[in-house]
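Everything below concerns the one structure shown next.
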Amino acid sequence: MSVNWSLPFDERLVPSVGRRPVDVSQYVAEHKASLSRGTAFWESVASELDWKRRWDTALDSGSPPFYRWFAGGLLNASYLCVDRHASGARAGKPAIVWEGEGGAGGAPESRTVTYSELRREVESAAALLRDEYGVEKGDTIGFYMPMVPEFPVLMLAAARLGAKFTVVFSGFSSESLGERLADAGARLLLTADGGWRRGSVIPLKQIADDAIGLAPSVESVLVLRRTGKDVPMVAGRDRYLDEALRRVPAGASVEPEDMASDDPLFILHTSGTTGKPKGQVHDTGGYLTLLHATMNWVFDVKDTDVYWCTADIGWITGHSYVVFGPLLEGATTVMYEGALDFPKPDRWASIIERHRVSLLYTSPTAIRSFMKNGDSWVDGRDTSSVRLIHSVGEPINPEAFNWMHRHVGRSTVPFGSTWWMTETGGIMISVLPGRSMVPMKPGANGFAIPGVEVDVVDEAGRPAKALERGFLVIRTPWPGMPLTIHNDPERYKEVYWTRFPGSFYAGDYAVRDRDGYVWVLGRADEVIKVAGHRLGTYEIESALVQHPSVAEAAVVGVPDQVRGEVPVAFVILKAGAKGGEALRQELVLAVRERVGAIATLRGVYFVSKLPKTRSAKIMRRVVRAVVAGADPGDVSTLEDEASVDEVRDAYRQLKSEVDGTRA
Ligand code: PRX
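So the number in the working numbering is just where the residue sits in the sequence shown, counting from 1, plus 275.
This is how it looks when you write it as structure tokens:
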């Protein structure tokens, strides 16, 4: 277990707030009633969306675990998120309020796109994709974009034509990008001449060019001009987006394609324990139904709200809760391009102040960094518009919860830690200010949303006792669940549905407290969460062993006060190779280049042996325990028990050097 396992169980109850405060027993009864209605419960939620054709079957479970929600139904995500709001009362309402970081020290830029403008832009972009690139239903379009309004516009344009989009976070390297584009089979790539981050330019186009070498499916590239810097353009393959759009006739109209509910909307890759990233394929009808439910129950969204989710669209949180969730509800979604503390630590608070943000969705890492910067940065800003806060991505420690609740939430607003993951499509466990809200507990996630049954189970799949650590499972199929893993249905079955037959295994450790609240503690597998971003240790290890001096590597997460956890590597060198500071830096750089900056190693430790089983499998569990200063447990299956001491000594020595330098 790698993170925050020792969360103090602050069982203090913060009184219920929100639309309908309830006590736990009331919520449990309500939740039970939702489950007893079976799929009819979700049908009533789905009926609130505008379907082109109603479904025939609420849930097709003919071939588990490949469930099909609302089979036979037809709808289109772009129609639901755009057209419905583009005429009538919301036509002039801001759909997207965008703020640029401000470039190299420049004044912040901003841009507002109303719903009627959004429709025009989406239709022009869809016309371009259809008429100049022949994009049609079933195609796949890759995205490697900075946080600018054109990003959601183009995603919605793809969805309008029935093409799947596959987004790769702009912090990933060319190799990671290439691997994902190739796996998804993207034939068109949408990128930019760069993106601003902390006053510097991320050279997206150059990275994309390298990636395309690994992704032969990519035939064409459209490049958004964001920074105006010159970038190499390949004749016949690359075009600037603005130039291409100029060829689209004004007022071009593109009818939204009829999509089956179980037609894929997108593929998004996640890191796992071993092997290449898994392309999670999400459907259309189930996904939008879950977003509709959670935007209302969890976020209590109203027409008057200004909603800001600080995530990047490159991650699932951005897909679901920057783009599709809020736009589905006709809400105003704030999009910010850059770093939350740039150029000064109060940037995030000033965005709240200037845009009068009322609903805020952010991450524990962001909150801990605000906290570390000091109270004055937030106390000097007017954040009184905020009426609700949620966090996501990793466990939130009670100190961070309390700090945010006090400094932004005036100790009164609803505040939850919403648990979910790329696979679930949307929020699964949370408090529900927009529906029936139980008292909050700082650090707890709460209860499963209505219509979803979760459990914490022991190794044998039996419900764990209160305060006993177990594994988090989802017992029932839910709308928004993956259709499969792209190109690998067997893996989908094996990773999620085999360990506890009949249930979805999330890969997280969790406990329920005496009141029944779920506390998700962290990953039970070899995934690490760096600043809430999900990284596979395997990807980092593969990057290390590609270095000519490295024979073997084991990567584990170690706790970090702000970022939750960060990766460190234990490395066995090849015969003749010499460890030392220079090599250490080279390896850190190699990982940054091959995986991306988010995978930056905090430490590299050279050892001569690693804890392994007799069949030569590295036991990361033991390495993790050693760096956590915990008892490594049963080591009798190790090939060489001295490896444990060696890892411990290497870690201690370097750690004391580093700590010594800092002090
Ligand atoms: O370990 C859990 C953690 O994030 C993992 C999912 O990561 P990802 O697919 O990148 O999606 C993140 C955003 C939805 C989970 O398996 N996690 C997410 N939210 C929480 C959390 N852990 C504790 N509390 C949360 N609120």
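We put the CB at the ideal spot given by N, CA and C, even for glycine.
Exercise. Excluding the five sequence neighbours on either side, which residues of its own chain have a C-beta within less than 6 angstroms of the C-beta of A490, listed in chain order?
Worked result: Excluding residues within five positions, the ones whose Cβ falls inside 6 angstroms are G453, L456, A457.
For this session: Could you tell me which residues DSSP puts in a beta bridge with S890?
Result: Answer by DSSP bridge pairing: none, since S890 is not bridged.
Problem set entry | First through last residue of the beta strand (DSSP E) which encompasses W373 | 369-374
Exercise. On the three-state DSSP scale, how would you describe L543?
Worked result: strand
Problem set entry | Cα-Cα separation, A606 to V576 | 7 angstroms
Problem set entry | Any non-hydrogen atom of the ligand PRX closer than 7 angstroms to R798 Cβ | yes
Exercise. Where does M610 fall in DSSP's three states?
Worked result: Strand.
For this session: Taking only the alpha-carbon atoms, compute the straight-line gap between R501 and F418 and give it to the nearest angstrom.
Result: 15 angstroms
For this session: Mind reading off the beta-carbon distance from S445 to I477? Whole number of angstroms is fine, and I expect it under 8 angstroms.
Result: 6 angstroms
For this session: Please confirm whether W330 and A346 have their CB atoms less than 8 angstroms apart.
Result: Yes, they are a contact pair.
Exercise. Cβ atoms of W753 and V727: under 8 angstroms apart, would you say?
Worked result: yes
Exercise. In chain order, what residues of the same chain have a beta carbon less than 6 angstroms from the beta carbon of A568, not counting five sequence neighbours either side?
Worked result: V320
Exercise. Can you name, in chain order, every residue of its own chain whose Cβ lies under 8 angstroms from the Cβ of G470, other than the five neighbours on each side?
Worked result: Correct list, in chain order: M420, P421, M422, V423, S445, V476, I477, L479, R501, T502, E612.
Exercise. Can you tell me whether K853 is buried or exposed, with buried defined as 16 or more other CB within 10 angstroms of its CB?
Worked result: exposed
For this session: Count the other CB atoms, across all protein chains shown, that sit within 10 Å of the CB of S311; report buried if there are 16 or more and exposed otherwise.
Result: exposed
Problem set entry | For A346: DSSP bridge partner residues | T332
For this session: Using three-state DSSP, classify S536 as helix, strand or coil.
Result: DSSP places S536 in coil when its eight states are reduced to three.
Exercise. What's the C-alpha gap between Y926 and V833?
Worked result: 11 angstroms
Exercise. Are R701 and L565 touching if we call contact CB-CB under 8 angstroms?
Worked result: Just to set this straight, residue 701 is Gly in the shown sequence, not Arg. Against a cut-off of 8 angstroms, the Cβ pair of L565 and G701 comes out as a contact.
For this session: May I have a chain-ordered list of the alpha helix (DSSP H) segments no shorter than 4 residues that lie completely inside the region 419-504?
Result: 425-436, 449-459, 479-487
Exercise. Can you list, in chain order, the stretches of the beta strand (DSSP E) that have 3 or more residues and sit fully within the region 625-659?
Worked result: Correct list: 634-637.
Exercise. Q555 lies in the beta strand (DSSP E); which residues open and close that run?
Worked result: 553-557
For this session: Return the chain-ordered list of same chain residues with a C-beta closer than 6 angstroms to the C-beta of Y771, the five sequence neighbours on each side being excluded.
Result: F779, Y780
For this session: Determine the closest residue to A785 out of R744, I815, G871, with distance taken between C-alpha atoms.
Result: Nearest Cα to A785 within the set R744, I815, G871: R744.
Problem set entry | Candidates E407, E840, F447, Y390, of which the one nearest E669 by Cα | E840
Exercise. A675: buried (16+ other C-beta within 10 angstroms of its C-beta) or exposed?
Worked result: buried
Exercise. Leaving out the 5 sequence neighbours to the left and right, which residues in its chain are closer than 7 angstroms to V352 when beta-carbon positions are compared?
Worked result: Residue 352 is actually Ala in this sequence, not Val. So the list reads A434, L540, T559, L563, F599, once near-sequence residues are dropped.
Problem set entry | DSSP beta-bridge partners of E840 | P834
For this session: Could you spell out the range, first to last residue, of the beta strand (DSSP E) harbouring Y515?
Result: 513-515 is the extent of the beta strand (DSSP E) around Y515.
Exercise. Cβ atoms of A370 and Y390: under 8 angstroms apart, would you say?
Worked result: yes
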